[in-house]
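Letter by letter, the sequence shown follows residues 1355 to 1572 in the numbering used here. One structure below.
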Amino acid sequence: MMAKLFQGSVGKKISMSLTGLFLCLFLVVHLSGNLLLLKNDGGVAFNQYSEFMSTNPLIRISEIILAAAFLVHIITAILLSLQNQEARPDRYVLDRSYVHTSFASRTMIYTGSLVFIFLVIHLKTFFVPHRLFHSEQTMYQTVKLAFENPFYTGFYVVAMVLLTLHLWHGFQSAFQSLGLRHRRYTPLIEKLGMGFSILIPLGFGLIPLYFFFRQFLK
Ligand code: HEM
């Protein structure tokens, strides 16, 4: 029964929504921890937090759940996109529904793919050297060095614009796919989605910019 549900596009949309909302929750937690980087204490609080994250067994378990959520979200997105392409009888005939969809919704697979590329580079910079190779640097030093590079900071800023676009459609669409539509609450969820998709990437984007410009103030 469950296997059948997830073969259909409704099941896939539900799985996209649930994993997407879980990833949104992760973004809030991740940003809250990362904001410690802005504390003017030479990285003491952030390094303590980072140490806790890498040693606490409960956090290790949540990381496995997080990786699974990313995988399911990405694989389902690819399957849905292939399924939609096949379902289109003639791709050169103008699809009328296209006229009424937003730029953010039409580009979900592209913004999602680019955020994924960002994630791979991001993990290669921070997660791989510290968790897999036990780097000599503190996590704060790695972050500081990375963001003092204009290209790396520029890359993060562009990636956060793409993340805004992805969340702009994704957040409210998740509630729609779960069938949570209501005359009073849907406009509220849409507004919440807009706020979320601007504020979260803005918070993440401020961190590299802070490190980049601070190096010139000394
Ligand atoms: C300025 C922005 C960001 C900074 C400074 C930052 C920093 C970090 C650091 C230091 C780690 C390693 C944590 C550890 O191993 O202890 C990490 C891991 C990770 N980051 Fe980010 N991050 C940022 C933005 C993002 C964004 C936008 C995403 C998702 C789209 C993301 C997803 C992840 C994931 C999935 C991990 C691995 C899981 C984990 O270790 O918690 N990060 N990040």
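The beta-carbon is built from N, C-alpha and C at its ideal position, and this holds for glycine as well.
The ligand HEM heavy atom lying under 7 Å from the CB of S1408: yes
Boundaries of the alpha helix (DSSP H) in which C1485 is found, first to last residue: Sequence inspection shows Arg at residue 1485; the Cys mentioned does not correspond to that position. Here R1485 belongs to no alpha helix (DSSP H), and DSSP marks it neither H nor E.
Integer-rounded CB distance, given that V1469 should sit under 8 Å from L1516: 6 Å
Buried/exposed call for V1497, threshold 16 Cβ in 10 Å: buried
Simplified DSSP state of K1393, which is helix, strand or coil: coil
Member of L1433, D1395, H1384 and L1425 whose CA lies at the smallest distance from the CA of I1413: H1384
Cβ neighbour criterion (16 or more within 10 Å) applied to T1409: exposed
Inter-residue CB distance, L1381 and I1554 (contact presumed, cutoff 8 Å): The pair is a contact, with the Cβ atoms about 5 Å apart (cut-off 8 Å).
At least three beta-carbon pairs within less than 8 Å, the stretch 1559 to 1567 to the stretch 1385 to 1398: Inter-segment contact for the stretch 1559 to 1567 and the stretch 1385 to 1398 is present: three or more beta-carbon pairs are separated by less than 8 Å.
At least three beta-carbon pairs within less than 8 Å, the stretch 1456 to 1468 to the stretch 1512 to 1528: yes
Check whether S1363 and Q1439 have beta carbons under 8 Å apart: no
Member of F1376, F1567, G1365 and P1411 whose CA lies at the smallest distance from the CA of T1507: F1567
Complete runs of the alpha helix (DSSP H) confined to the stretch 1363 to 1418 [at least 4 residues]: Taking only runs of at least 4 residues, the alpha helix (DSSP H) segments lying wholly in the stretch 1363 to 1418 are 1363 to 1388 and 1398 to 1409.
I1428: CB within 7 Å of a non-hydrogen atom of the ligand HEM: no
Backbone CA spacing between S1371 and Q1530 [nearest angstrom]: Computed Cα separation, rounded: 9 Å.
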